[in-house]
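In this note's numbering, the protein residues as written are 126 to 201. Backbone N, C-alpha and C fix where the C-beta goes; we use that ideal spot for every residue, glycine too.
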């Protein structure tokens with residue numbers, strides 16, 4: 126027998142599948158829920174290491190970030 130993946134678009138479709146299963150025409154296989162990936166503790170955690178910078182590039186980036194932060198007034 127072949128297995129098909131079907132996306133149900135409304136409740137009537139589900140009831141129809143149940144009726145077909147009751148008539149022994151099809152067998153409904155329920156897929157186990159996929160485990161969710163672990164949620165990062167912070168929203169930025171997923172970006173750690175994404176730039177793959179050398180140490181020199183990292184230092185330049187940090188310096189630039191500090192400089193542009195100082196351009197804004199403190200009252201913001």
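If we ignore side chains and look at the alpha-carbon of each, how far apart do residue i and residue j end up?
i, j, result
"residue 192", "residue 170", "24 Å"
"residue 137", "residue 127", "24 Å"
"residue 168", "residue 134", "33 Å"
"residue 195", "residue 132", "53 Å"
"residue 129", "residue 190", "52 Å"
"residue 182", "residue 174", "13 Å"
"residue 155", "residue 149", "16 Å"
"residue 246", "residue 146", "The requested residue 246 does not occur in the structure, where the chain is confined to residues 126 to 201."
"residue 176", "residue 184", "13 Å"
Just confirm the distance between the C-beta atoms of residue i and residue j, as a whole number of angstroms; I'd bet it's less than 8 Å.
i, j, result
"residue 153", "residue 142", "6 Å"
"residue 178", "residue 186", "6 Å"
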